[in-house]
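Quick note on numbering: my numbering labels position 262 of the sequence shown as 329, and the sequence is numbered without any gaps. The C-beta atom is built at its ideal place from N, Cα and C for all residues, glycine as well. To start, the structure itself, in structure tokens.
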Amino acid sequence: MNLQDCIDDLATLVAFDTTSHRSNRSLIDWAANRLEALGFRVMVQKAPGEDKANLFASIGPQDQGGLMLSAHSDVVPVAGQQWQSDPFKLHQVDDRLYGRGSADMKGFIACMLQAAPSFASAQLKAPVHLALSYNEETNMGGMKQLAAALREGSHPPRACVIGEPTSMQVVVANKGAAIYRFKVRGFEVHSSLRDQGVSAVEAAAQIIVRSQAIQERMRQDLRHDGFDFPFSSIHVGRIAGGTAHNITAKDCEFMLEIRALPGRAAAPFIAELKQWCEQTLLPSMRSIAAVSDVDIEEITDSPSLDEQGNARLAKAMMPLCACHSPGRVSFGTEGGILQNAGIPTIICGPGQISVAHQADEFVEIKQLKLCLDYLEQLKVQLERDPNCFF
């Protein structure tokens, strides 16, 4: 596996603007053609209702499940960020390669593609599957669609490695990632007549205060010291509403995020907020204006990855990447979706999550080298005795 060729592939991948609101088809078609030329069995799974697709490519025996390597193809926007170079043109400074998605997670895709010829020429005793998904950064719809198809297949993968940036250390658990949009409808009047109006901004503020009371209770609930923040979390990251300082706000919208520990789910917390709105907040609002309302829309609710289901896989993988102790992370991944589909999953990939989604995102060249070495050892193990993974 050639490191410079891997860097060149990363440059090509970064140049595909696969920001989540755009199509990823150019990248998917490019990768599909390349893998087909190597003899991979390729499936391009089209997204319903949008110009996007998943890619699932397999090499090796067809009568068993094998090992899946997975990455998402989409990236987050660069709008409003101050980059020192073109985010869609790979830029090298010393050991760092800068570009949108370089760490999250096109660096791993580049390594996968660089390893593909080696997998194709190997005497594999179990198949290798390479998967690329769409919309991981928004609603995880791509992996939900792909996991459903794999679950119904005759020989679904028996294990998976997702190459999210973990500095090439094995991660066995991550929190869930649930996002909800709250739309609050009030009734606008001149602020001098505020007792005749309902401020959607103030109502939204009450909901947010209520959510923070839930956060305090979360601190008394399940605790897992393997995570940096050892509790489930609830957080409001964006809010917008109102039209002027002297008008009670007619509308207000905010985004609420819940990161639930393994063993917990977001739905009960949302149900509690919804019940409080219906029983306490809305009657007060509607006593002034009957049009008042609170609408709660689920954007995504991706399950946590629970380490109870992947201990054997993690134990076999750790020696291949010089990992001495498995980690747990608070960021969301597609791992829980695959685990719920019956596919044990771990997280291990090049780069640091701390630079993901940031201006001047980068991956270190030495991280790509470590990943290529890991994939080479993985290939050797799949030639010798793949049963240690399953």
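In terms of residue numbering, what span does the alpha helix (DSSP H) encompassing residue i cover?
| i | result |
| --- | --- |
| V447 | I432 to R451 |
| A82 | L70 to A82 |
| Q212 | G208 to E219 |
| S93 | R92 to A104 |
| L372 | That residue, L372, is in no alpha helix (DSSP H); it is neither H nor E in DSSP. |
Measure the C-alpha to C-alpha separation of residue i and residue j and round it to an integer number of angstroms.
| i | j | result |
| --- | --- | --- |
| E283 | A99 | 48 Å |
| F155 | D295 | 32 Å |
| G418 | Y201 | 20 Å |
| I275 | E324 | 11 Å |
| M110 | K446 | 22 Å |
| S221 | Q129 | 10 Å |
| A307 | E320 | 5 Å |
| M322 | V303 | 6 Å |
| M384 | F456 | 8 Å |
| N313 | R277 | 26 Å |
| S300 | I126 | 41 Å |
| D262 | I355 | 8 Å |
| R252 | L340 | 16 Å |
| R286 | G174 | 36 Å |
| L102 | I95 | 11 Å |
| F123 | L199 | 7 Å |
| G43 | K113 | Given a span of 68 to 457 for the chain in the structure shown, any question on residue 43 remains unanswerable. |
On the premise that residue j lies in contact with residue i, defined as a C-beta separation below 8 Å, what is that separation, rounded to the nearest angstrom?
| i | j | result |
| --- | --- | --- |
| E374 | M210 | Contact flag wrong, Cβ pair sits at about 19 Å. |
| P224 | G133 | 6 Å |
| Y441 | I363 | About 43 Å; that fails the 8 Å criterion. |
| A170 | F429 | 7 Å |
| D76 | L180 | 5 Å |
| P297 | R290 | 5 Å |
| Q236 | C438 | Actually they do not touch by this definition, with Cβ atoms about 12 Å apart. |
| A327 | K242 | 6 Å |
| Q131 | A193 | 6 Å |
| L449 | V195 | 7 Å |
| L164 | K436 | 12 Å between Cβ atoms; not a contact. |
| V358 | A316 | In fact, because the Cβ distance is near 13 Å, the residues do not count as touching under 8 Å. |
| V81 | L136 | That pair is no contact at about 20 Å. |
| V41 | P393 | The question about residue 41 has no answer here: the residues shown for the chain are numbered 68 through 457. |
| S188 | E443 | The pair is not a contact, with the Cβ atoms about 12 Å apart (cut-off 8 Å). |
Mind checking which residues open and close the beta strand (DSSP E) that includes residue i?
| i | result |
| --- | --- |
| G394 | G394 to V396 |
| S125 | A120 to I126 |
| I246 | A244 to R252 |
| Q406 | Looking at the DSSP string, Q406 is not in any beta strand (DSSP E); the run it does join, the alpha helix (DSSP H), is G402 to N407. |
| M235 | Counting along the chain, M235 falls outside any beta strand (DSSP E), and DSSP gives it neither H nor E. |
| M110 | R108 to K113 |
| M385 | Here M385 belongs to no beta strand (DSSP E), and DSSP marks it neither H nor E. |
| V228 | A226 to I229 |
| L324 | For the record, residue 324 in the displayed sequence is Glu; it is not Leu. Note, E324: beta strand (DSSP E), D318 to R326. |
| H196 | V195 to S200 |
| T412 | T412 to I414 |
Here's the rule: buried if 16 or more other CB atoms are within 10 angstroms of the residue's CB, otherwise exposed. What is residue i?
| i | result |
| --- | --- |
| Q406 | buried |
| T347 | exposed |
| E431 | buried |
| T310 | exposed |
| G330 | exposed |
| N91 | buried |
| G139 | It should be pointed out that residue 139 corresponds to His in this sequence rather than to Gly. Per the 10 Å Cβ criterion, buried. |
| Q434 | buried |
| L260 | exposed |
| R395 | buried |
| E203 | buried |
| D141 | buried |
| N454 | exposed |
| A120 | buried |
| V48 | Given that the chain is displayed from residue 68 to residue 457, the structure contains no residue 48 and the question cannot be resolved. |
| A270 | buried |
| S371 | buried |
| Q212 | buried |
request  = Let me know the beta strand (DSSP E) ranges lying completely inside the region 254–311, each 3 residues or longer, listed in chain order.
outcome  = Entirely contained in the region 254–311, the beta strand (DSSP E) runs reaching 3 residues are, in chain order, 300–308.
request  = Return the chain-ordered ranges of every alpha helix (DSSP H) run that is complete within the region 128–183 and spans a minimum of 4 residues.
outcome  = Fully enclosed alpha helix (DSSP H) runs of 4 or longer: not present.
ask   = Which parts of the region 340–368 are runs of the beta strand (DSSP E), unbroken and 3 residues or longer, counting only runs that do not cross its ends?
value = Scanning the region 340–368 for uninterrupted beta strand (DSSP E) segments of 3 residues or longer gives nothing; none is fully contained.
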